[in-house]
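These notes are about the structure you will find just below.
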């Protein structure tokens, strides 16, 4: 969420510079540094155990397996909308004050 | 459903953009291919972005990130020279039908074949537009 608000803030500072006689370069540089600090390039090397694609795929398969254990048949074949609805429902059941 | 007409009469490709119809497995594949598109890419513009990031990481002294970005630019270069479009691969996951024939094979090899058809018939700008519109519609908040 902060990512989008920083993009917005940067765009507004640029607009302000373009329309008014102000220098926002220091503030813009600070935002750029914030982005750079957050930036972490994805890993696509298949020999790297931290490969981003494999990691994401594993997470998805694990979520599907967890849903199957709760009686959802072939969760991967569910329409995306239904899948998210089921996950949200199960999450709400797992909250301590749900019962 | 997004329908794109091909350059020849009768050529059509339909892309599924309905979250009530597209299966989560296909949406997940679409997201993974988009991740490859964003992280390595397959065009000169993508490579230029990689190099910009590489320069930024180097000037900030972030050597591990710079090395990773260099590695990713190698992958991007490989994609470019192999004629593989990372965006086309992502869009292939969403194809509902080609020339009226409904797709039922969503394997990786089918995806490569379909991305070839997309590359022949859909312009780069159009592919960008479709991917962006589908992303907005399908990705959960």
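Chains as they are written, first to last, in this note's numbering: chain A, 733 to 831; chain B, 18 to 158.
Note that the Cβ used here is the ideal one computed from N, Cα and C, for glycine as well.
Would you grab the beta carbon distance between residue i and residue j for me? Rounded to a whole angstrom, and I think it's under 8 angstroms.
{"i": "residue 812 of chain A", "j": "residue 36 of chain B", "result": "5 angstroms"}
{"i": "residue 111 of chain B", "j": "residue 33 of chain B", "result": "5 angstroms"}
{"i": "residue 103 of chain B", "j": "residue 65 of chain B", "result": "Actually they are not in contact, since the Cβ atoms of residue 103 of chain B and residue 65 of chain B sit about 15 angstroms apart, beyond 8 angstroms."}
{"i": "residue 23 of chain B", "j": "residue 138 of chain B", "result": "4 angstroms"}
Out of the options, state which residue places its alpha-carbon closest to the alpha-carbon of residue i.
{"i": "residue 47 of chain B", "options": "A/785, A/738, A/804, A/828", "result": "A/785"}
{"i": "residue 60 of chain B", "options": "B/99, B/114, B/123, B/135", "result": "B/99"}
{"i": "residue 120 of chain B", "options": "B/20, B/67, B/31, B/22", "result": "B/31"}
{"i": "residue 155 of chain B", "options": "B/86, B/129, B/144, B/41", "result": "B/41"}
{"i": "residue 796 of chain A", "options": "A/783, A/749, A/777, A/818", "result": "A/818"}
{"i": "residue 755 of chain A", "options": "A/745, A/763, A/790", "result": "A/745"}
{"i": "residue 679 of chain A", "options": "B/114, B/26, B/80, B/146", "result": "Absent from the model: residue 679 of chain A. The displayed extent of chain A is 733 to 831, so no value can be given."}
{"i": "residue 29 of chain B", "options": "B/117, B/50, B/146", "result": "B/117"}
{"i": "residue 73 of chain B", "options": "A/824, A/821, A/773, A/806", "result": "A/773"}
Do residue i and residue j have their CB atoms nearer than 8 angstroms?
{"i": "residue 90 of chain B", "j": "residue 71 of chain B", "result": "yes"}
{"i": "residue 771 of chain A", "j": "residue 88 of chain B", "result": "no"}
{"i": "residue 775 of chain A", "j": "residue 43 of chain B", "result": "no"}
{"i": "residue 58 of chain B", "j": "residue 93 of chain B", "result": "yes"}
{"i": "residue 108 of chain B", "j": "residue 135 of chain B", "result": "yes"}
{"i": "residue 766 of chain A", "j": "residue 738 of chain A", "result": "yes"}
{"i": "residue 49 of chain B", "j": "residue 788 of chain A", "result": "yes"}
{"i": "residue 45 of chain B", "j": "residue 778 of chain A", "result": "no"}
Would you list the one or two residues that DSSP bridges to residue i?
{"i": "residue 135 of chain B", "result": "Beta-bridge pairing links residue 135 of chain B to no other residue."}
{"i": "residue 32 of chain B", "result": "B/19, B/112"}
{"i": "residue 119 of chain B", "result": "B/114"}
{"i": "residue 773 of chain A", "result": "Bridge partners of residue 773 of chain A: none, in fact."}
{"i": "residue 811 of chain A", "result": "B/40"}
Run through chain D and tell me which residues come within less than 9 angstroms of residue i, C-beta to C-beta.
{"i": "residue 774 of chain A", "result": "Absent here is chain D; the protein component of the structure consists of chains A and B."}
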